[in-house]
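First up is the structure itself, then whatever we jot down about it.
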Amino acid sequence: MSNGTPDDTTVRPADPTATGQPPARGRRRDSAPVARPSPRRVLADLGPREFANALIALVFSATGPVAVILAAGGQGDLSPAQLSSWIFGVFFANGLLTILMSWVYRTPLAFFWTIPGTVIVGNSLGHLRWSEVLGAYVVTGVLILLVGLTGLARRLMDWIPMPIIMAMVAGVFLRFGLGLVEAVWASVAVALPMAIAFLVVGAVPRLARWYRPSWRDGRGDRRVVLSGGLSRGVLDDGLIAAPMLQAPEFTLRAIAELVVPLAITVLVVQNGQGIAVLRAKGHHPPVSACAVACGVWSLLVSAVGAVSTCLTGPTNALLVSSGERDRHYAAAIANGGLALVVGVFSPAFVGLILGTPAAFIAALGGLAMLAPLQSAFVTAFRTDRALGPLVCLLVTVADVSLLGISAPFWGIVLGMAVSALLERRAAA
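Counting in my numbering, the sequence shown runs from 2 upward without gaps.
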């Protein structure tokens with residue numbers, strides 16, 4: 002791919018990570034905005050592999066994570082209109098942000114919503130009014146924005162060792178690999194053909210020329226239909242989303258309970274995953290700019306009842322799992338465009354996705370996450386000081402929570418503490 006084509010006027014910054022390794026600690030830098038690629042250049046860079054990765058990442062985001070939203074909304078007895086508005090916000094608005102940031106920085110930057118934060122909100126809806134939660138969303142957005150503007154987000158990410166972060170990422174991603182095994186065991190007719198197709202294409206790479214990743218699971222799709230696994234009445238909630246503006250209510254109890262945990266899940270847990278997987282592939286995500294974008298967008302989406310925006314880890318991992326690094330941004334732009342469509346048609350699309358068997362979704366997500374999971378483990382434990390990453394991994398997988406903050410954060414804290422206390426002494 003030549004930079005001298007008439008369509009591509011982008012001047013790319015020098016890349017010290019041409020080998021694919023993340024920059025050394027203490028020398029990491031954010032990418033700066035570059036000349037925007039033209040629409041023709043984006044389309045030229047959007048090959049079948051990039052589009053397949055974008056589609057798989059979108060399907061991943063529209064399945065399990067949406068189920069978490071529906072479960073959280075059920076805990077607060079939210080109306081179908083409120084849930085539809087929430088889902089519209091997390092897809093349509095964040096799809097716009099993904100397109101904008103990926104285009105401006107010519108770097109894959111996929112934004113969606115914080116899943117741990119959604120769980121926290123669901124637990125709080127048992128005793129907080131929905132309007133109080135919306136008020137906490139607004140305050141959280143302001144806090145994230147301030148952290149991004151002051152540069153604290155970038156300094157924090159540079160301070161945490163990469164092996165610790167990637168151990169946390171491996172712990173989060175591990176459940177998708179385990180879900181694949183469970184799906185094959187529980188639903189042989191649906192999941193096993195998908196796994197076999199994956200292995201065949203991996204063993205004979207030439208087949209991938211005709212057997213694209215997006216087609217690879219077609220056998221599983223047919224099994225879903227033939228086995229009657231697709232639920233009836235998936236379009237009962239309508240076709241077009243109807244976002245509704247909702248007024249926040251600011252109360253001390255909601256702010257005290259939700260703001261700090263939500264901000265931590267965005268800035269450390271979620272953004273930390275996204276930044277780590279992108280750096281591991283040789284990209285230079287603009288940490289401060291991403292934090293600012295998350296803060297601004299969290300304020301915007303709160304108006305339609307959506308939880309805080311974040312730089313997602315699993316979605317970005319899927320977008321950069323294969324293909325040329327210089328074309329990954331096109332996959333992110335395609336992912337954002339697909340998210341716009343899902344946002345507009347969220348009642349129909351989400352109903353269709355959630356109507357498919359759980360085994361199909363688990364197998365699809367597990368197969369797609371194998372390469373990112375392997376990369377996370379390699380980066381986490383390719384070090385002489387592996388005890389800290391190991392503790393971080395174990396705490397994350399244990400899925401413990403404290404003070405309303407989920408396990409990945411505590412995995413980082415305990416992993417760094419163990420590394421500082423034991424491994425530094427051993428090195429001395």
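Note that beta-carbon positions come from the ideal geometry of N, C-alpha and C, so glycine has one too. This structure is a prediction, so every number in the text was calculated from the model and none was measured.
Reduced DSSP secondary structure (H/G/I, E/B, other) of Leu312: Mapped onto the sequence shown, residue 312 falls at position 311. In the structure shown, Leu312 sits in a strand (DSSP, three-state: E or B).
Separation of Val91 from Asn336, as counted between CA atoms: In the sequence shown, counting from the first residue as 1, residue 336 sits at position 335. In the sequence shown, counting from the first residue as 1, residue 91 sits at position 90. If you take the alpha carbons of Asn336 and Val91, they lie about 13 Å apart.
Spatial neighbours of Tyr360 in its chain, beta-carbon cut-off 7 Å, leaving aside the 5 residues before and after: As a position in the sequence shown, residue 360 is number 359, starting the count at 1. One point to set straight first is that residue 360 is Ala, not Tyr, in the sequence displayed. So the qualifying residues of the chain are Ala184, Ala187, Ser188, Val191 and Ala192.
Three-way DSSP call (helix, strand, coil) for Phe177 in this model: Here residue 177 refers to the residue found at position 176 when the sequence shown is read from its first residue. Phe177: helix per DSSP, three-state reduction.
From Pro109, Ser323 and Ile145, residue whose alpha carbon lies closest to that of Leu279: Here residue 279 refers to the residue found at position 278 of the sequence shown. For Leu279, the nearest C-alpha among the options comes from Pro109.
For Val297 and Ile121, the rounded distance between their alpha carbons: Sequence index remark: in the sequence shown, residue 121 carries index 120 (1-based). Sequence index remark: in the sequence shown, residue 297 carries index 296 (1-based). Ile121 and Val297: Cα-Cα distance of roughly 21 Å.
Chain-order list of residues whose beta-carbon lies under 7 Å from that of Gly229 (same chain, five-residue window excluded): As a position in the sequence shown, residue 229 is number 228, starting the count at 1. Per-residue confidence for Gly229 stands at a pLDDT of 43, beneath the threshold of 50, marking its modelled position as unreliable; the derived number appears in the next sentence. Excluding five sequence positions before and after Gly229, none of the CB atoms of its chain fall closer than 7 Å to its own CB.
Sequence ranges, alpha helix (DSSP H) only - wholly within the region 40-99, length at least 4: Those alpha helix (DSSP H) runs which fall completely within the region 40-99 and span 4+ residues are 40-46, 49-62, 65-76 and 81-89.
Neighbour-count burial assignment, Asp46, 16 or more Cβ in a 10 Å radius: As a first step, residue 46 must be located in the sequence shown, where it is residue number 45. That one is buried.
Length of the line joining the Cα atoms of Trp87 and Val305: By one-based count along the sequence shown, residue 87 stands at place 86. By one-based count along the sequence shown, residue 305 stands at place 304. Roughly 6 Å separates the two Cα atoms.
Environment of His284 [buried if 16+ CB atoms lie within 10 Å]: The residue you call residue 284 lines up with position 283 of the sequence shown. That one is buried.
Same chain only: Cβ atoms within 7 Å of Ala82, ignoring 5 sequence neighbours per side: Numbered from its first residue, the sequence shown carries residue 82 at position 81. Only Ala243 and Met245 meet the Cβ criterion.
Nearest-angstrom Cα separation, counted from Gly96 out to Arg41: Working through the sequence shown from its first residue, we reach residue 41 at position 40. Working through the sequence shown from its first residue, we reach residue 96 at position 95. For the pair Arg41 and Gly96, the Cα-to-Cα distance works out to about 20 Å.
Cβ contact (3+ pairs, closer than 8 Å) linking the region 323-338 and the region 158-176: Judged by Cβ distances under 8 Å, the region 323-338 makes no contact with the region 158-176, as fewer than three pairs qualify.
Phe346 in three-state terms, based on DSSP: To locate residue 346, count along the sequence shown from 1; it is residue 345. Under the three-state reduction of DSSP output, Phe346 falls in the coil class, being neither helix nor strand.
Beta-carbon proximity check, Leu1 vs Ser347, cutoff 8 Å: Because the chain is modelled from 2 through 429, residue 1 falls outside the range shown and cannot be assessed.
Gln247 vs Leu150 beta-carbon contact at 8 Å: Numbered from 1 along the sequence shown, position 246 holds the residue referred to as residue 247. Numbered from 1 along the sequence shown, position 149 holds the residue referred to as residue 150. No, they are not a contact pair.
Residue from Pro409, Met370 and Thr313 with nearest C-alpha to Phe199: Locating residue 199 in the sequence shown gives position 198, where the first residue counts as 1. When only C-alpha atoms are compared, the closest one is Met370.
Assigned secondary structure, Phe112 (DSSP; H/G/I helix, E/B strand, else coil): For the purposes of this step, residue 112 is taken as residue 111 along the sequence shown, with counting starting at 1. For Phe112, the three-state secondary structure derived from DSSP is strand.
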